[in-house]
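Taking this note's numbering as reference, the numbering of the sequence shown is continuous, increasing by one, and the terminal residue is 286. Idealized CB from N, CA, C, for every residue including glycine. Since this is a predicted model, take the numbers as computed values, not measurements. Below is one structure, written out as structure tokens; comments come after it.
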Amino acid sequence: MKRLVLMFGILAGVASVGECIEAENKISAEYIVGCIAEEYNKCQKIVNSGGIPPAYECEKSNMCTFGAIAFKVLGDKDKEAQYAEKIISLSPALLQRDLVVIAIRDIDANIAQSILGGTYFRLVEYYRAKNDGENFVRIAAEGCGKVVGMSEEYLPFLCNWTGVVLSEAKMYHEAQALFKKVCDLNLKSKFSEMLSSSGDGCFLLASLYMEGKGVRQDYVKKAELLKKGCDLDSSISCGALGESYLKGQGVVKNHSIAKRFFGKGCDLGSQEACNEYRKLNQTGGVQ
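Printed below as a string of structure tokens:
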């Protein structure tokens with residue numbers, strides 16, 4: 000349940016959601032709470048009873064967020080995406096009328112923004128998994144553009160991926176601005192998804208300095224950014240910083256320090272960093 004409610008920004012008040020939706024739509028609060036708690040059978044019973052309106056008109060009964068949650072639990076990614084697309088199309092006023100928002104906003108005044116951010120997050124992952132590049136770019140860019148009004152925890156993921164797309168299109172100055180925006184937030188990721196932290200944004204910005212894309216090539220600046228990214232627990236930043244010390248790029252060549260950063264990158268989940276750490280172990284720190 001923790002993973003699900005985090006994705007949709009529902010951090011508290013699950014019982015309140017049940018009571019609110021039950022009062023408005025005559026669906027059992029027990030089933031609603033059970034569904035949000037990822038009880039498959041209770042979600043299925045609500046769907047089978049017609050308790051969730053179609054995505055194209057879910058705003059009429061203010062059930063769009065609950066619909067997305069229910070189909071997430073049921074594992075129907077396509078239907079979940081339909082409700083998610085509806086959520087991001089809602090005006091701010093309509094989103095404030097969503098029953099999940101109403102039930103929780105007394106506890107969390109920013110719940111609407113958190114739900115919006117989490118919805119963009121899940122849609123980007125959905126389209127990426129389907130190899131739907133057009134919609135992936137559309138949602139990531141739109142989410143990054145709206146992210147000022149959302150919970151900052153989603154900004155790194157959305158803006159990093161938008162920056163990657165811009166960089167691949169050789170729009171380096173635009174990509175640099177997004178990577179810097181993310182890096183400057185100093186946020187550690189709450190998610191396991193690739194490029195979901197400020198530290199990953201620092202790595203992407205460092206990559207531009209390493210390759211001289213849109214900026215003057217500067218290995219010292221690259222190393223500084225990688226150090227910041229590693230301090231923010233970005234595994235790829237730590238691994239790349241280890242490589243900098245191994246080669247003496249922007250820093251004084253030092254295999255002992257390289258090994259330390261490879262070790263941290265490995266501990267944070269980078270298999271590539273683990274491989275480099277192992278190589279240094281086998282050679283006694285000499286390559």
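Alpha-carbon to alpha-carbon, residue j and residue i
i    : j    : result
G74  : V251 : 51 angstroms
A176 : A257 : 29 angstroms
G162 : G200 : 9 angstroms
I114 : L245 : 43 angstroms
Y39  : V72  : 6 angstroms
C158 : N274 : 29 angstroms
P155 : R215 : 24 angstroms
G50  : A102 : 18 angstroms
S269 : W160 : 19 angstroms
Q112 : L279 : 46 angstroms
Y153 : F120 : 7 angstroms
F135 : G142 : 11 angstroms
M6   : Y125 : Legend: pLDDT at M6 = 47, less than 50; position of this residue unreliable, value from coordinates given subsequently. Going from the Cα of M6 to the Cα of Y125 covers about 13 angstroms.
A168 : A140 : 14 angstroms
L224 : G241 : 13 angstroms
E210 : K41  : 53 angstroms
N130 : T118 : 18 angstroms
S255 : G132 : 42 angstroms
T282 : Y276 : 10 angstroms
C34  : K76  : 16 angstroms
L87  : C229 : First, the amino acid is wrong: residue 87 is Ile here, not Leu. In a straight line, the C-alpha of I87 is about 33 angstroms away from that of C229.
Q43  : E29  : 13 angstroms
Endpoints, the alpha helix (DSSP H) within which residue i is located
i    : result
I51  : Unbroken run through I51: none, as it is neither H nor E.
L122 : 110-128
T161 : 154-167
A176 : 171-182
L204 : 197-210
A83  : 76-88
L93  : 91-95
D230 : 218-230
Q248 : Taken as a continuous stretch (DSSP letters only), Q248 belongs to no alpha helix (DSSP H), as it is neither H nor E.
N185 : Where N185 is concerned, there is no enclosing alpha helix (DSSP H), given that its DSSP letter is neither H nor E.
A102 : 98-103
G132 : 132-145
V214 : Note, V214: premise wrong, no alpha helix (DSSP H); not H, not E.
A36  : From DSSP, A36 is part of no alpha helix (DSSP H); its letter is neither H nor E.
E275 : 270-281
K71  : 63-72
K263 : 254-266
Integer-rounded CB distance, given that residue j should sit under 8 angstroms from residue i
i    : j    : result
L267 : D232 : 6 angstroms
G264 : G238 : 4 angstroms
A69  : I45  : 6 angstroms
L184 : E173 : 18 angstroms between Cβ atoms; not a contact.
Cut-off 7 angstroms between Cβ atoms - residues of its own chain near residue i, not counting five sequence neighbours on either side
i    : result
M0   : Since pLDDT at M0 reaches only 40, below the 50 mark, its modelled position is unreliable, and the value read off the structure follows with that caveat. Excluding residues within five positions, the ones whose Cβ falls inside 7 angstroms are A36, E37.
S195 : P155, F156, S188
D97  : N61, C63, T64
A272 : S234, C237, G238, G241, F261, G264, C265
V181 : L154, P155, C158, N159, S197, G200
N253 : Y244
A128 : none
Cβ shell of residue i (< 6 angstroms), same chain only, five flanking positions each side left out
i    : result
K145 : none
G249 : Y218, V219, K221, A222, S243
K227 : C201
V123 : I138, A139
A205 : K221, L224, L225
E79  : A67, F70, K71
Neighbourhood of residue i by C-beta distance below 8 angstroms, restricted to the same chain and skipping five residues each side
i    : result
L207 : S166, Y171, A174, Q175, F178, G213, V214
L89  : E58, C63, D97
V100 : T64, L94, I110, A111, I114
M193 : D199
Within 8 angstroms, do at least three Cβ pairs link the stretch 79-87 to the stretch 38-58?
yes
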